[in-house]
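Working notes, beginning with the structure itself.
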């Protein structure tokens, strides 16, 4: 394992919260040569984190990272104040409740070095709200990964009202140096971007399966063999730009915009919810996937790594 | 070039309509060894179709198909009645207007052999409506490709109220033999499945760019580096099933369903349209793509073929 040369000036990372997201971040930080302290008061967290790191190792190896002594720079410190004392970066993955995050960040700010960068993996609470308890709110920015962080390239970097440009840029540079594809958002919106897009499409997915147009497995097959592989390569705007022929996006909007607006109008009226009949229907169809969660996840990860390599993201 | 051995009993295909979709279908049929007659009264259609076939050739070659004499079995016959006389399959790609399709299908049925299979590439008109003019409505089924047909695996096979099971199964077997990933829908719904899903997500895309949260290019980057490459590998249901940990989809719905319903409720209120300010904003941002439509399309096709090979779809 190479010496800890650091990434964008960051050598020591404190991962706050040893759940699935925290442990996946820890695996990636370690594979990139950083020193990691995981802080979580939960009993048994050491074993759980080591387990997640072991599960992530084949993927990290396949991505070309050095996993020969992955846990040599890993330590655990349940006491948060102690855990952040030498941190260059604190990546917080605590529960998604504002009061819990407030309590954590008060302790972090009071005990971390003055130059430490503060990031939160939250998918739901804006930096503006978390930072209200900080004396220096300019130090905190959201670094929201897409699950699992050690594999999927995207990190949404979302500054709050009082986040400094320097903090945002430091976070972006760090995630980029880590091999991720950070994207700084221009405005704080609930759910950020990727989860909003996902939710928007999933609503229609649930509707179509609920109506019996396709089963879950059939819908998944439709996606992987069309828009999925398209959007792995070219996002929705570029895809429509190129789908419109020589006239590009302008031509697409003029020619097909009305048809799409008609779809939109029809969809607004749909009353889609995870009510009991819907849950029951979807849960019954899970058997079509034909494997355990672990088996299917391993299969997905192998395929995704192949795709990432094909795209030069690996 | 190998002899025309046929696919699922089909040797001679008449492609009705020589636009982009029809020409792309023709390229694929030819590369799979079938004989193709293109019927389109438009002057200059021969050159246009040959041009599209030439553009598609590198992709077909990359997919491992024999493109050594691609146009040896290609002919043109502007008169529709003559064009379908020896067809085993008629794949219609006419204008998306019901009265035009009715007129075409009257002529096709009156002149095609009794055993010919009838398919329409329409993205918007259900088989039930097209087939009202047919004496044998059981012969017609929708075979809706995702653009471009020679590259993207999906074909939505959508039977109408009177389509026979045999017709649906013949179409499915033919597209499968052609190397596509056909999916038979269980109900006829406007827009079928893939375009509805795409429209549902695109509404939120337009909203987020309109609100200035991200630019088009930034949103595209977010998609390609997260949900795009996920959905190339595992569709939305499987992704959430695997994202929920050991508890799978049931756990996901119990734990995150409420948050997603909250997103849905927020999105319903959004008034998104391709109005003039929206069009202007999007058209301005096209320059961020950094290339001509042809350049970007070639780049996308190369990347998509790499992804298809990585996934074993090629």
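Chains as they are written, first to last, in the numbering used here: chain X, 839 to 1152; chain F, 839 to 1152.
Just so it is clear, CB atoms sit at the ideal spot from N, CA and C, and this is done for glycine as well.
- Inter-segment contact for the segment 1137-1146 of chain F and the segment 896-912 of chain F is present: three or more beta-carbon pairs are separated by less than 8 Å.
- In this chain, the beta strand (DSSP E) harbouring residue 851 of chain F covers 850-854.
- Per the Cβ contact rule, the segment 1047-1057 of chain X is in contact with the segment 1105-1122 of chain X (3 or more Cβ pairs under 8 Å).
- Taken in chain order, the members of the segment 1053-1068 of chain F whose beta-carbon sits within less than 9 Å of a beta-carbon on chain X are 1053, 1054, 1055, 1056, 1057, 1058, 1059, 1060, 1061, 1062, 1063, 1064, 1065, 1066, 1067, 1068.
- Here residue 879 of chain F is exposed: its Cβ has fewer than 16 other Cβ atoms, across all protein chains shown, within 10 Å.
- Residues of the segment 1114-1127 of chain X with a C-beta less than 9 Å from any C-beta of chain F: 1116, 1117, 1120, 1121, 1123, 1124, 1127, listed in chain order.
- Counting C-beta pairs with one atom in each stretch, the segment 1056-1072 of chain F and the segment 1064-1071 of chain X have three or more that are closer than 8 Å, which means they touch.
- Classified as buried, residue 947 of chain X has 16 or more neighbouring CB atoms from the shown chains inside 10 Å of its CB.
- It is roughly 15 Å from the alpha-carbon of residue 939 of chain X to the alpha-carbon of residue 949 of chain X.
- Apart from sequence neighbours up to five positions away, the residues of its chain that approach residue 923 of chain F with a beta-carbon distance below 8 Å are 949, 950, 951, ordered along the chain.
- Its Cα nearest to that of residue 961 of chain F, the residue F:932 stands out among F:882, F:972, F:953, F:932.
- Under DSSP, residue 988 of chain F forms no beta bridge with any residue.
- Between the segment 847-858 of chain F and the segment 1089-1101 of chain F there are fewer than three inter-stretch CB-CB distances shorter than 8 Å, so the stretches are not counted as touching.
- For the pair residue 1000 of chain X and residue 967 of chain X, the CB atoms are not nearer than the 9 Å cut-off.
- Within the same chain, and ignoring the five residues on either side of residue 986 of chain X in sequence, the residues whose Cβ sits closer than 6 Å to its Cβ are 862.
- At least 9 Å separates the CB of residue 912 of chain F from every CB of chain X.
- Near chain X, meaning a CB-to-CB distance below 9 Å, the residues of the segment 1021-1037 of chain F are 1021, 1022, 1023, 1024, 1025, 1026, 1027, 1028, 1029, 1030, 1031, 1032, 1033, 1034, 1035, 1036, 1037.
- The continuous beta strand (DSSP E) containing residue 980 of chain X extends over residues 978-983.
- Your pair residue 998 of chain F and residue 965 of chain F checks out as a contact, with CB atoms roughly 3 Å apart and the cut at 8 Å.
- Within chain F, the residues whose beta carbon sits less than 7 Å from that of residue 962 of chain X are 1097, listed in sequence order.
- According to the DSSP assignment, residue 1122 of chain X belongs to the alpha helix (DSSP H) that extends over 1114-1123.
- Residue 1012 of chain X has a beta carbon lying at 9 Å or more from every beta carbon in chain F.
- Identification of chain F residues near residue 1084 of chain X by a Cβ-Cβ cut-off of 7 Å yields 1131, ordered along the chain.
- Note on geometry: alpha-carbon atoms of residue 943 of chain X and residue 1012 of chain X lie some 21 Å from one another.
- Per the DSSP secondary-structure output, residue 1019 of chain F pairs in a beta bridge with F:992.
- Boundaries for residue 898 of chain X: no beta strand (DSSP E) harbours it, while the alpha helix (DSSP H) harbouring it runs 883-900, taken from the DSSP string.
- The C-beta of residue 885 of chain X has fewer than 16 other C-beta atoms within 10 Å across all chains shown, which makes the residue exposed.
- From the beta-carbon of residue 903 of chain F, no residue of chain X is found nearer than 8 Å; the closest lies around 18 Å away.
- Annotated three-state conformation of residue 930 of chain X is strand, per DSSP.
- At a Cβ-Cβ threshold of 9 Å, residue 1005 of chain F and residue 1022 of chain F do not count as neighbours.
- DSSP lists X:848 as the beta-bridge partner residues of residue 845 of chain X.
- Within the segment 977-996 of chain X, the residues whose Cβ lies closer than 8 Å to any Cβ of chain F are, in chain order, 984, 985, 990, 991, 992, 994.
- A straight line joining the alpha-carbon of residue 993 of chain X with that of residue 1026 of chain X spans about 15 Å.
- Against residue 1134 of chain F, the close residues of chain X are 1072, 1076, 1079, 1080, in the order they occur along the chain (beta-carbon pairs closer than 8 Å).
- In this structure, DSSP gives residue 875 of chain F an extended state, which the three-state scheme calls strand.
- Comparing C-alpha distances from residue 1043 of chain F to each of F:1151, F:1059, F:1031, F:1029 shows the shortest one belongs to F:1059.
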